[in-house]
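Undergrad: To start, I am sharing the structure in question, which I have written as structure tokens.
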Amino acid sequence: DTGVSQDPRHKITKRGQNVTFRCDPISEHNRLYWYRQTLGQGPEFLTYFQNEAQLEKSRLLSDRFSAERPKGSFSTLEIQRTEQGDSAMYLCASSLFGGSSYEQYFGPGTRLTVT
Amino acid sequence: AQTVTQSQPEMSVQEAETVTLSCTYDTSENNYYLFWYKQPPSRQMILVIRQEAYKQQNATENRFSVNFQKAAKSFSLKISDSQLGDTAMYFCAFMKEYGGSQGNLIFGKGTKLSVKP
């Protein structure tokens, strides 16, 4: 069990550029969640997948954001035309739906800075 | 919509002492779960303790215990024998349970706990 991994850990980009983040969940986990955490705040839910199906999206997920989990394993989160307000820590978590535990295991996050 | 409120932005405690972190939540749901997560500086978030709303007995995990008051919608975390490694942000979180499924977590703003030697 190598835990949830995220890549890159840090990303600095200029306003207007597109960025893509990757999350690799714990291998047997069928659910994958994306959260955003800004300074001094708790994480806020963005979206989640069960296997390859995106089951729920938050209103926070504007049209510039898109997430995929094409084969039900890793997931990508893309932000198009980044804005300074997108600067945040993007957290990924995974869980095993249908198991006895519903605990979400978090990755280390990707810190995005938009200049 | 569910909300989670942590009214203590920062707290400090002496090593080996006991500290209690407060959390209240608002929901009209009857079936849900509550969690405390710990986020150490520059490290990833880990689960400290969880409580199922249908269980009356308060959860305990070693030095960590909760006081779950369902009617009052209160869910406090007690840390006994505080250790320097307990220094972290602590987040209270709510998860709705519906039809046997679980959804996303709703977090409070967090309490920054500092354990002093």
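Chains as they are written, first to last, in the working numbering: chain S, 1 to 115; chain C, 1 to 117.
Glycine included, C-beta positions come from ideal geometry on N, C-alpha and C.
1) Name, please, each residue of chain C whose Cβ falls closer than 9 angstroms to the Cβ of S:Glu-103.
2) Three Cβ pairs or more, each shorter than 8 angstroms: is that satisfied between the segment 63-81 of chain C and the segment 23-38 of chain C?
3) Can you have a look at S:Arg-36 and say buried or exposed, based on whether 16 or more other CB atoms are within 10 angstroms of its CB?
4) By how many angstroms is the C-alpha of S:Gln-80 removed from the C-alpha of S:Asn-18?
5) What whole-angstrom Cβ distance do C:Lys-109 and C:Gln-6 have, given they're in contact under 8 angstroms?
6) Do S:Thr-38 and S:Val-114 have their CB atoms nearer than 8 angstroms?
7) Taking C:Gln-57 as the reference, which of C:Gln-44, C:Phe-75 and C:Val-13 has the closest Cα?
8) From the DSSP output, in three-state form, read off S:Asp-24 for me.
9) To be precise: take each residue of the segment 71-99 of chain C, compare its Cβ to all Cβ atoms of chain S, and keep it if any distance is under 9 angstroms. Which residues remain?
10) Cβ of S:Ala-88 within 8 angstroms of Cβ of S:Gly-107?
11) Given this structure, state the Cα-to-Cα distance separating S:Gly-109 from S:Thr-2, to the nearest angstrom.
TA: So, from the listed chains and residues:
1) Phe-35, Leu-47 and Arg-50
2) yes
3) buried
4) 4 angstroms
5) 6 angstroms
6) no
7) C:Phe-75
8) strand
9) Met-89, Phe-91, Cys-92, Ala-93, Met-95 and Glu-97
10) no
11) 15 angstroms
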